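Comments concern the structure below.
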């Protein structure tokens, strides 16, 4: 939904089959661009590559390794964006991300920013929201 903006700033990924040894795995993501579409578009073209590039996403699924691969992929994407912003002179722009990696046995949710995922099944819905523990107490006022 575009809302009142003159230009769409959002992007998405829809890869129901990743191919190769991960042909039964899927990746889906929504990028909510802020102050322009540049960062959201760049993430939509590169986040999955950074996640897969960690080498921790393998067909013989290890939950801890997949989780760490997703986390590392997000951090690598952030590092890459920071380098590009410095090189290209970007002064503004950003994106939130909500994503899922779906395997034959698990669904992994990941988010960055204030976007969240909701899973609905058989009429019941659940919000998936995991905030970094180091940040959460500060936000809640507990120092």
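Numbering (UniProt numbering), first residue to last: 1 to 143. For glycine and all other residues, C-beta sits at the position ideal for the given N, C-alpha and C. Only a predicted model underlies this, so the values are computations on that prediction, with no experimental measurement involved.
Residue 116 and residue 31 have their C-alpha atoms some 11 Å from each other. The count of Cβ pairs closer than 8 Å, one atom from the segment 32-39 and one from the segment 47-60, stays below three, leaving the stretches out of contact.
DSSP, read as helix, strand or coil, puts residue 114 in coil. In this structure residue 43 is buried. Its beta-carbon is surrounded by 16 or more other beta-carbon atoms within 10 angstroms. Residue 15 places its beta carbon less than 7 Å from that of residue 27.
In the structure shown, residue 103 falls within a coil segment according to DSSP collapsed to helix, strand and coil. The beta carbon of residue 70 lies closer than 7 Å to those of 51, 101, 108 and 110 in the same chain, with the five residues before and after it left out.
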